[in-house]
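J.: If you're matching positions, the sequence shown starts at 219 in our numbering and goes up one per residue. Heads up, the beta-carbon is just placed ideally off N, CA and C, and yes, glycines get one too. Quick caveat: nothing in here was measured; it's all calculated off a predicted structure. Structure provided below as structure tokens; questions to follow.
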Amino acid sequence: MTSYVSYRPDLEQPFPNEEELIRQVVEAMGKANQQVADKHRHGLRDAHAKSHGVLAGELRVQPNLPAHLAQGLFAEPATYPVIVRFSSAPGDLRSDQVPVQRGIAIKVIGAPGPRAIDDGFTTQDFLLVNHPTLPFGNIAEYAKLQDLLEKQPRQSDQQLQLTGAAARVAAKALTRSGRPLPPTVETLAAANDHILGETFHSMAALRYGDHVAKISAAPRSANVRALTGSRVHKKAGESALRDLVVDFFAHDSAEYDIRAQLCTDVERMPVEDASVLWPEELSPHETVAVLHLPAQDAYSDARRRYADDVLSFSPWHALEAHRPLGSIMRSRRAAYPASSDFRHRVNGIEPEEPSDIKELPA
Numbered sequence: 219m220t221s222y223v224s225y226r227p228d229l230e231q232p233f234p235n236e237e238e239l240i241r242q243v244v245e246a247m248g249k250a251n252q253q254v255a256d257k258h259r260h261g262l263r264d265a266h267a268k269s270h271g272v273l274a275g276e277l278r279v280q281p282n283l284p285a286h287l288a289q290g291l292f293a294e295p296a297t298y299p300v301i302v303r304f305s306s307a308p309g310d311l312r313s314d315q316v317p318v319q320r321g322i323a324i325k326v327i328g329a330p331g332p333r334a335i336d337d338g339f340t341t342q343d344f345l346l347v348n349h350p351t352l353p354f355g356n357i358a359e360y361a362k363l364q365d366l367l368e369k370q371p372r373q374s375d376q377q378l379q380l381t382g383a384a385a386r387v388a389a390k391a392l393t394r395s396g397r398p399l400p401p402t403v404e405t406l407a408a409a410n411d412h413i414l415g416e417t418f419h420s421m422a423a424l425r426y427g428d429h430v431a432k433i434s435a436a437p438r439s440a441n442v443r444a445l446t447g448s449r450v451h452k453k454a455g456e457s458a459l460r461d462l463v464v465d466f467f468a469h470d471s472a473e474y475d476i477r478a479q480l481c482t483d484v485e486r487m488p489v490e491d492a493s494v495l496w497p498e499e500l501s502p503h504e505t506v507a508v509l510h511l512p513a514q515d516a517y518s519d520a521r522r523r524y525a526d527d528v529l530s531f532s533p534w535h536a537l538e539a540h541r542p543l544g545s546i547m548r549s550r551r552a553a554y555p556a557s558s559d560f561r562h563r564v565n566g567i568e569p570e571e572p573s574d575i576k577e578l579p580a
């Protein structure tokens with residue numbers, strides 16, 4: 219019988235000098251934010267600035283889940299409305315021909331229960347990226363990443379494409395020789411595949427009711443599974459991903475499995491180091507809900523403005539039952555509001571957190 223790690227507050231161990239490191243990260247993010255705002259005359263997110271699709275859908279919690287999976291938001295069968303935003307990782311508007319990590323943000327509306335932060339909201343956000351680990355897995359390593367991020371706004375798309383190509387060559391050579399990838403190489407070596415065929419991961423851990431887990435979203439319906447590994451055509455243009463998403467949802471629906479991978483061994487599946495891949499032989503990814511996205515206009519002007527300028531997505535828009543865990547997640551408690559405040563202030567727009575799916579424009 220599998221033994222799952224029980225959640226307890228002391229699973230988290232603050233990093234030495236953590237508050238100062240978080241301050242440095244937030245300060246560096248603010249500088250990058252300002253550079254990009256000066257460039258575009260518009261405030262953007264410090265990460266995942268470029269959206270490729272904004273969709274209304276449903277999160278359908280599966281019935282008859284075993285006790286270890288029937289936790290928190292997933293404790294009872296239910297259907298929740300969601301807003302979903304597909305995006306690219308940089309905090310700038312880059313050509314979709316630049317291979318970078320892609321993301322999906324899922325905002326569950328009407329999530330019941332006590333909050334991780336007493337924010338008065340009823341949303342549960344899951345922020346997932348198409349890579350299972352964060353190469354810079356703790357706040358000290360992550361602080362080093364900010365130097366790389368601050369340089370990116372000054373680099374052209376062509377420079378970033380060349381850097382990515384070199385990183386992929388290096389990654390292949392290191393993998394063939396059995397050597398680990400340096401974090402910078404791992405960050406830059408992304409492939410440029412169809413975004414709808416990707417599997418997305420929380421990378422860092424979060425509380426899962428009585429337990430601890432990582433969350434992922436994997437293609438479920440045959441039409442999106444068929445897109446996995448499908449490369450973006452090199453002549454498809456700077457907004458290739460938006461065009462692919464819009465064309466797909468103009469006629470088709472899609473479904474993704476929302477999965478939990480529960481922690482069974484805190485040594486081999488650490489909470490404080492998001493760079494460590496949790497072994498599936500210790501704990502598989504188990505489906506707890508289905509994300510259903512019907513056919514719709516996935517990128518109307520009204521939706522783009524609402525998702526990019528009004529909404530905020532944060533792992534701390536969360537139930538206490540899904541409290542974010544680890545130093546990277548703790549840094550986001552300060553970093554995400556700082557970025558959101560900057561973006562809304564620069565653009566002169568009041569932030570809103572939805573309580574009804576009807577607030578999402580058509």
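Run the CB neighbour count on HIS349, radius 10 Å, all protein chains shown included, and call it buried at 16 or more, exposed below.
T.: By one-based count along the sequence shown, residue 349 stands at place 131. That one is buried.
J.: Can you find the residues in the same chain that come closer than 6 Å, C-beta to C-beta, to MET487, ignoring five residues on each side of it along the sequence?
T.: As a working note, residue 487 is residue 269 in the sequence shown. Here the set comprises CYS481 and TRP496.
J.: Ordered along the chain, which non-local residues of its own chain (more than five positions away) have a Cβ less than 7 Å from that of ALA507?
T.: Against the sequence shown, residue 507 aligns to sequence position 289. These residues qualify, in order along the chain: LEU277, ARG278, VAL279, GLN280, PHE292 and ILE476.
J.: Quick one: Cα of TYR222 to Cα of GLY427, how far?
T.: Taking the sequence shown and counting its residues from 1, one reaches residue 222 at position 4. Taking the sequence shown and counting its residues from 1, one reaches residue 427 at position 209. Roughly 12 Å between the two C-alpha positions.
J.: Evaluate GLU490 with the Cβ neighbour count: other Cβ atoms within 10 Å of its Cβ, from every protein chain shown; 16 or more gives buried, anything less gives exposed.
T.: Against the sequence shown, residue 490 aligns to sequence position 272. Looking at its Cβ environment, which holds 16 or more other Cβ atoms inside 10 Å, GLU490 is buried.
J.: Tell me which residues share the same chain as SER224 and place their Cβ nearer than 7 Å to its Cβ, disregarding the 5 neighbours each side in the sequence.
T.: Numbered from its first residue, the sequence shown carries residue 224 at position 6. Beyond the five residues adjoining it in sequence on each side, SER224 comes within less than 7 Å, by CB distance, of ASP428 and HIS429 in the same chain, given in chain order.
J.: Evaluate GLN289 with the Cβ neighbour count: other Cβ atoms within 10 Å of its Cβ, from every protein chain shown; 16 or more gives buried, anything less gives exposed.
T.: Here residue 289 refers to the residue found at position 71 of the sequence shown. Flag for GLN289 reads buried.
J.: Select from LYS453, ILE335, ASP519 and ARG425 the residue whose C-alpha is nearest the C-alpha of ALA552.
T.: To locate residue 552, count along the sequence shown from 1; it is residue 334. Ranking LYS453, ILE335, ASP519 and ARG425 by Cα distance to ALA552 puts ILE335 first.
J.: Output the distance between the C-alpha atoms of ALA255 and GLY566, rounded to the nearest integer angstrom.
T.: Numbered from 1 along the sequence shown, position 37 holds the residue referred to as residue 255. Numbered from 1 along the sequence shown, position 348 holds the residue referred to as residue 566. One C-alpha to the other measures close to 13 Å.
J.: Tell me the DSSP secondary structure of HIS419 in three-state form.
T.: Here residue 419 refers to the residue found at position 201 of the sequence shown. Strand, per DSSP.
J.: Between the Cα of ARG312 and those of ALA265, ASP343 and VAL300, spot the shortest distance and give me the residue it belongs to.
T.: As a first step, residue 312 must be located in the sequence shown, where it is residue number 94. The shortest C-alpha separation from ARG312 is found at ALA265.
J.: How close, in whole Å, do the beta carbons of GLY261 and VAL564 come, if the pair is a contact with beta carbons under 8 Å?
T.: In the sequence shown, counting from the first residue as 1, residue 261 sits at position 43. In the sequence shown, counting from the first residue as 1, residue 564 sits at position 346. About 3 Å; that satisfies the 8 Å criterion.
J.: Using the rule of at least 16 other Cβ atoms within 10 Å of the residue's Cβ for burial, across every protein chain shown, is MET547 buried or exposed?
T.: Residue mapping note: residue 547 aligns to position 329 of the sequence shown, counting from 1. MET547 is buried by the Cβ-count criterion.
J.: Going by DSSP in three states, ALA274 sits in which element: helix, strand or coil?
T.: Position 56 of the sequence shown, counted from the first residue, corresponds to residue 274. In the structure shown, ALA274 sits in a strand (DSSP, three-state: E or B).
J.: For LYS576, which of helix, strand or coil comes out of DSSP?
T.: Counted from its first residue, the sequence shown places residue 576 at position 358. In the structure shown, LYS576 falls within a helical segment according to DSSP collapsed to helix, strand and coil.
J.: Just list the beta strand (DSSP E) runs in the stretch 293-323, keeping only unbroken ones of 3 residues or longer that don't cross its boundaries, in chain order.
T.: 297-306
J.: If you follow the alpha helix (DSSP H) that PRO437 is in, where does it begin and where does it stop?
T.: As a first step, residue 437 must be located in the sequence shown, where it is residue number 219. Unbroken run through PRO437 is the beta strand (DSSP E), 429-437; no alpha helix (DSSP H).
J.: Can you name the start and end residues of the beta strand (DSSP E) that ILE476 belongs to?
T.: In the sequence shown, the residue the question calls residue 476 occupies position 258. 472-480 is the span of the beta strand (DSSP E), which, as asked, contains ILE476.
J.: On a Cα-Cα basis, can you pick out the residue from SER420, GLN253, LEU537 and GLN252 that is closest to PRO330?
T.: Indexing the sequence shown from 1 puts residue 330 at position 112. For PRO330, the nearest C-alpha among the options comes from LEU537.
J.: Express the C-alpha separation of HIS510 and GLY415 in angstroms, rounding to a whole number.
T.: Within the sequence shown, the letter at position 197 stands for residue 415. Within the sequence shown, the letter at position 292 stands for residue 510. Approximately 15 Å between the Cα atoms of the pair.
J.: Sorted by chain position, which residues of the same chain lie with C-beta nearer than 6 Å to SER306's C-beta, five sequence neighbours on each side aside?
T.: Residue mapping note: residue 306 aligns to position 88 of the sequence shown, counting from 1. Taken in chain order, the residues that qualify are LYS268, VAL318 and ARG320.
J.: Taking one C-beta from the stretch 448-467 and one from the stretch 568-576 each time, how about it: are there three or more such pairs within less than 8 Å?
T.: no
J.: Could you tell me the alpha carbon to alpha carbon distance between TYR517 and LEU424, rounded to whole angstroms?
T.: Position 299 of the sequence shown, counted from the start, is the residue given in the question as residue 517. Position 206 of the sequence shown, counted from the start, is the residue given in the question as residue 424. Distance between TYR517 and LEU424, taken at the CA atoms: about 31 Å.
J.: Out of ASP314, ASP411 and ASN441, point me to the one whose CA is closest to GLY455's CA.
T.: Residue 455 sits at position 237 when you count from the first residue of the sequence shown. For the residues ASP314, ASP411 and ASN441, the minimum Cα distance to GLY455 belongs to ASP314.
J.: Determine the direct distance from the alpha carbon of ALA436 to that of ILE413, and round the result to whole angstroms.
T.: The count along the sequence shown starts at 1 and reaches residue 413 at position 195. The count along the sequence shown starts at 1 and reaches residue 436 at position 218. Between ILE413 and ALA436, the C-alpha separation is close to 12 Å.
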